[in-house]
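The letter at position 108 of the sequence shown is residue 98 when you use my numbering, and the numbering goes up by one with no holes. Virtual Cβ for every residue (Gly too), placed ideally from N, Cα, C. Fair warning: this is a prediction, and the values are worked out from it, not measured in the lab. Written out below as structure tokens is the structure these notes cover.
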Amino acid sequence: MAQSGINLERLAKVWALAEGGKQGEADAARQRAAAMVEPYGYVLDDIPGLLADAGFGDDLPQPGPGGLRFYNMGNPAHMRAYQREHDARRRRWMRDNADRIAEVIARYGSKEAVFAPTAEEKALDAAIEPFREVHPDNQADTFDGENFSPSPAW
């Protein structure tokens, strides 16, 4: 896909408003950004990558030594970047494995049947049922290194 006709500087400004503006402004900016990139075969999910490749968004985490990228999950821009990267990896994996996924679903008959508990899983659940402890609000036990205790309510 050719991005040579896209005004990336203008797109970066529009995208900044789409990411940080008020709801109505952000929606209008997203529509404008989509209109700017769609003629070139891109979609909204491609914009952060286009801008990053062009050097915009330098506040996002850059790969360090060994290619590792560290995200500050207290930084909303980093959280959005992580989510976009995760979503892109998932879409890529789903696309690359579509034949295998279809084969498994065909073998079991449906997606629901693929994830239905097997006879062995049902037997294990039945075996541990007498030992299961019910905690308020479905909180799990935690282990502090010495003792198990109900997890704290945050």
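### Query
Is Ala19 closer than 7 Å to Leu1 when the C-beta atoms are compared?
In the sequence shown, counting from the first residue as 1, residue 1 sits at position 11. In the sequence shown, counting from the first residue as 1, residue 19 sits at position 29. Not in contact: Leu1 and Ala19 (Cβ atoms no closer than 7 Å).
### Message
For the structure I just gave you, are there three or more beta carbon pairs, one from the region 66 to 77 and one from the region 17 to 31, closer than 8 Å?
### Response
Contact between the region 66 to 77 and the region 17 to 31 is absent, with fewer than three C-beta pairs closer than 8 Å.
### Task
Figure out for me which residue from Ile37, Pro107, Gly64 has the closest Cα to the Cα of Asn(-3).
For the purposes of this step, residue -3 is identified with residue 7 of the sequence shown, where counting begins at 1. Looking at the Cα atoms, Ile37 is the closest of the given residues.
### Task
Rounded to whole angstroms, what's the CA-CA distance from Met(-9) to Lys101? Just pull it up for me.
As a position in the sequence shown, residue -9 is number 1, starting the count at 1. As a position in the sequence shown, residue 101 is number 111, starting the count at 1. Here the model assigns Met(-9) a pLDDT of 47, short of 50, so the residue's position is not dependable, and the following value carries that caveat. About 34 Å.
### Query
Expressed to the nearest angstrom, what Euclidean distance is found between the alpha-carbon atoms of Ala109 and Asp115?
Against the sequence shown, residue 109 aligns to sequence position 119. Against the sequence shown, residue 115 aligns to sequence position 125. Roughly 10 Å between the two C-alpha positions.
### alpha helix (DSSP H) segment containing Met69, residue limits
Residue 69 sits at position 79 when you count from the first residue of the sequence shown. Following the DSSP letters along the chain, one finds Met69 inside the alpha helix (DSSP H) bounded by residues 66 to 86.
### Query
When the distance is taken between beta carbons, is Ala44 closer than 7 Å to Leu34?
Here residue 34 corresponds to residue number 44 of the sequence shown, with the count starting at 1. Here residue 44 corresponds to residue number 54 of the sequence shown, with the count starting at 1. Contact: no.
### Task
Would you mind sorting Val4 into buried or exposed? The rule is 16 or more other CB atoms within 10 Å of its CB.
Position 14 of the sequence shown, counted from the start, is the residue given in the question as residue 4. A residue is called buried when at least 16 other Cβ atoms come within 10 angstroms of its Cβ; Val4 meets this threshold and is buried.
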